[in-house]
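At position 503 of the sequence shown (counting the first as 1) the number is 636 in the numbering used here, and the numbers step up by one without a gap.
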Amino acid sequence: MALSLDRLPSFPGRPGPLLLIIADGVGIAPAGPSNAVTEASAPLLDALTAGTYSPQTFATQLAAHGPAVGLPSDDDMGNSEVGHNALGAGRIFAQGAKLVNAALNNGSLFQSPVWIEAVEHGHEHTMHFLGLHSDGGVHSLNDHLYHLLEVAADQGVKRARVHILHDGRDVAARSALDYIAQTEQVLAKINEHHEADFRIASGGGRMTITMDRYQADWPMVERGYRCHTYGVGRPFASATEAVQTMYNESDAGDQYLDPFVVVDDHGPIGLMADGDAVILFNYRGDRAIEISLAYERDEFEAFDRGDRPDVYFAGMLQYDGDLEVPANYLVEPPAIDRTISEYLCAEGVTSFAISETQKFGHVTYFWNGNRSGYIDDSLETYIEIPSDNVQFNTTPAMKLREITDRTIELLRSGDYRFGRLNFPNGDMVGHTGDLTATIEAIEVLEECLGRLLAVITELGGILVFTADHGNADIMYTEVGGVRSPKTSHTLSPVAFTIVDPQFHDEYVMEPPPGAGLSDVASTLLNLLGFRAPDEYQPSLLRFGK
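Here it is, written out as structure tokens:
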């Protein structure tokens with residue numbers, strides 16, 4: 134059935150464009166020395182968050198974690214992917230960990246043809262399990278890995294290798310040894326009970342190997358592929374020895390540790406060979422796509438894979454439905470349809486989406502319900518500003534000024550009714566744990582907000598400001614006078630602010646109880662002069678007297 138929207142009888146929208154600014158990782162937390170957002174000199178951002186910028190400014194707070202974005206519980210941090218899914222879909226869909234939890238608990242994962250075939254490979258060869266090694270819950274969960282390992286052993290697999298990617302980003306910066314100890318204990322029990330040979334074989338930091346995204350750094354993926362597949366990396370007798378040695382050599386957090394391989398008298402213990410099965414147990418898609426392509430695609434030009442082994446590769450989920458990456462996967466991803474972009478294209482509304490490489494997919498792929506490419510390239514324009522391949526605390530501004538320059542060009546062209554952009558530095562710099570750099574990042578964000586607000590006011594449009602989750606708002610924790618950098622996302626709410634310079638009492642801000650990111654789509658449609666679809670979460674606005 135063709136999509137369509139009804140017009141709001143009392144509000145046609147403004148003559149100028151509607152601009153949505155998503156300040157990635159900028160949550161709302163109590164002011165204090167660990168809050169880079171409030172420690173920054175950012176009076177405009179403060180006024181927007183509080184709703185005090187002008188009489189035509191309206192502000193509230195939105196939930197951006199847990200059930201509000203489709204995750205299992207209020208203890209689950211939000212992330213950019215599920216946040217942008219919720220923003221663009223206007224509804225709450227079960228996500229990542231929640232989908233996998235259900236498939237593990239009801240046993241459907243182990244009844245899938247993909248799992249059955251992977252185990253058959255494991256009966257004659259080796260099963261390899263690759264993924265982010267932590268309980269951060271953003272990309273993966275170690276409990277999922279343990280469940281897979283235990284069932285594989287119960288079903289007769291005798292030899293398995295685990296290839297771990299240190300986190301230090303969604304969990305404490307130097308927590309890898311704790312996770313390795315837990316996993317070694319699980320493997321020891323499996324080996325004793327089943328007379329099996331399950332061991333950790335390779336690893337490295339998530340920002341050093343394997344987990345690149347948006348094709349920003351293919352050499353990073355190549356390092357991971359060669360480490361996990363061919364045993365290319367620093368040799369150690371165990372994963373514990375590898376991490377402890379690297380800790381002794383530098384102050385680097387887990388996410389930046391070098392690749393390593395575990396060896397015995399015969400060499401690397403985890404080499405991949407023809408007939409092996411490889412399970413990527415990450416459920417989040419963005420940093421899983423490139424390594425999936427490297428393992429499963431016959432036609433591949435990003436780097437030379439050498440005489441690659443013929444393995445059976447599967448992902449926890451399918452990370453890109455349009456590209457069908459990977460072809461084999463254990464759990465069906467959420468089927469997100471009828472996104473706000475689909476409705477706007479059906480109504481002939483012109484729009485643009487812009488960010489730098491690190492978050493470009495968030496305002497396109499994830500915003501559009503995990504769908505690659507344009508919905509209607511005659512109505513939409515997507516702009517990607519290339520990111521630098523650096524540690525982002527060395528460049529706290531990232532590409533915000535370039536994004537702002539290009540956005541202003543797009544707004545002043547008069548060609549677009551709606552635009553959305555992602556400013557990534559609150560999140561990407563926040564993940565480094567560098568408080569000083571993150572404060573600087575927020576101050577650059579402040580500068581760019583001011584420029585965009587001036588243009589929107591000049592053009593007679595509306596500016597909407599929000600975020601997808603928290604991060605920069607809590608940069609460290611302190612116990613007993615000892616500070617520990619916090620590099621993960623937070624459970625904080627996020628701001629939602631409307632600046633409408635031409636406001637004349639047409640509506641009031643009236644958030645429903647428990648308002649979250651999924652309520653934004655209906656609100657944006659209202660501000661463009663449309664009624665929201667019945668299936669969408671309610672608007673944050675009420676129109677009429």
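Note that beta-carbon positions come from the ideal geometry of N, C-alpha and C, so glycine has one too. These numbers come from a predicted model, not from an experiment.
Contact check, residue i vs residue j, beta carbons under 9 Å
i: Ala334; j: Val394; result: yes
i: Gly563; j: Asn501; result: no
i: Arg307; j: Gln491; result: no
i: Pro150; j: Ile595; result: yes
i: His495; j: Ser143; result: no
i: Leu674; j: Tyr640; result: yes
i: Leu624; j: Asp300; result: no
i: Leu152; j: Val597; result: yes
i: Tyr498; j: Ser505; result: yes
i: Asp684; j: Phe663; result: Because the chain in this structure spans residues 134 to 678, residue 684 falls outside the shown range and cannot be described.
i: His602; j: Asp560; result: yes
i: Ser245; j: Leu463; result: yes
i: His254; j: His361; result: no
i: Ala192; j: Leu181; result: yes
i: Gly337; j: Gly386; result: no
i: Ile575; j: Thr190; result: no
i: Gly264; j: Asn168; result: no
i: Pro467; j: Asn218; result: yes
i: Gln288; j: Phe243; result: yes
i: Leu220; j: Thr540; result: no
i: Ile424; j: Gly357; result: yes
Boundaries of the beta strand (DSSP E) in which residue i is found, first to last residue
i: Val395; result: Phe393 to Asp397
i: Ser484; result: Ser484 to Glu489
i: Gly336; result: Asp330 to Gly338
i: Gly418; result: Where Gly418 is concerned, there is no enclosing beta strand (DSSP E), given that its DSSP letter is neither H nor E.
i: Glu517; result: Glu513 to Ile518
i: Gly439; result: Here Gly439 belongs to no beta strand (DSSP E), and DSSP marks it neither H nor E.
i: Glu611; result: Tyr609 to Val612
i: Asn239; result: No beta strand (DSSP E) holds Asn239; DSSP gives it neither H nor E.
Span of the alpha helix (DSSP H) around residue i
i: Tyr358; result: Trp351 to Tyr363
i: Arg140; result: Here Arg140 belongs to no alpha helix (DSSP H), and DSSP marks it neither H nor E.
i: His277; result: Asn275 to Asp287
i: Arg539; result: Leu533 to Arg545
i: Glu382; result: Ala372 to Glu382
i: Asp326; result: Inspection of the sequence shows that residue 326 is occupied by His rather than by Asp. Ala309 to His327 is the span of the alpha helix (DSSP H), which, as asked, contains His326.
i: Glu257; result: Pro246 to Glu257
i: His217; result: Ser213 to Ala222
Helix, strand or coil at residue i [DSSP, three-state]
i: Thr590; result: helix
i: Gly583; result: helix
i: His564; result: helix
i: Thr185; result: coil
i: Asn503; result: coil
i: Gln635; result: coil
i: Thr171; result: helix
i: Gln451; result: coil
i: Phe525; result: helix
i: Ser655; result: helix
i: Tyr347; result: coil
i: Ala164; result: coil
i: Ser740; result: Residue 740 lies beyond the range of the chain shown here (134 to 678); nothing can be said about it.
i: Glu679; result: Lying outside 134 to 678, the shown extent of the chain, residue 679 is not represented and no answer is given.
i: Ser672; result: coil
i: Tyr445; result: strand
i: Ser206; result: coil
i: Tyr549; result: coil
i: Val295; result: strand
i: His495; result: helix
i: Leu178; result: helix
Whole-number beta carbon distance between residue j and residue i, since they are thought to touch under 8 Å
i: Met344; j: Leu298; result: 6 Å
i: Ile508; j: Cys478; result: 5 Å
i: Val271; j: Asp303; result: 4 Å
i: Ser484; j: Glu513; result: 6 Å
i: Ile313; j: Val376; result: 7 Å
i: Ile161; j: Ala628; result: 6 Å
i: Phe436; j: Trp351; result: 6 Å
Residue i: CB within 8 Å of a non-hydrogen atom of the ligand COA
i: Asp207; result: The model depicted lacks the ligand COA and carries no ligand whatsoever.
Residue i at chain B interface by Cβ criterion, 9 Å
i: Ser335; result: Within the model displayed, chain B is absent; a lone protein chain is all it includes.
>> I want to know whether the segment 224-235 touches the segment 360-369 - three or more CB-CB distances under 8 Å.
In response: no
>> With three or more beta-carbon pairs closer than 8 Å as the criterion, would you say the segment 432-451 touches the segment 200-217?
In response: no
>> Contact between the segment 282-302 and the segment 311-320 is defined here as three or more beta-carbon pairs at a separation below 8 Å; is this criterion met?
In response: yes
>> Check whether the segment 644-661 and the segment 607-619 touch, using three or more Cβ-Cβ pairs below 8 Å as the test.
In response: no
> Does the count of Cβ pairs from the segment 227-241 and the segment 656-670 closer than 8 Å reach three?
Replying inline: no
> Is the segment 403-423 touching the segment 323-330 in the sense that three or more CB pairs, one from each, lie closer than 8 Å?
Replying inline: no
> Contact between the segment 581-592 and the segment 171-178: three or more CB pairs below 8 Å?
Replying inline: yes
> Is the segment 235-255 close to the segment 469-477, with three or more CB pairs under 8 Å?
Replying inline: no
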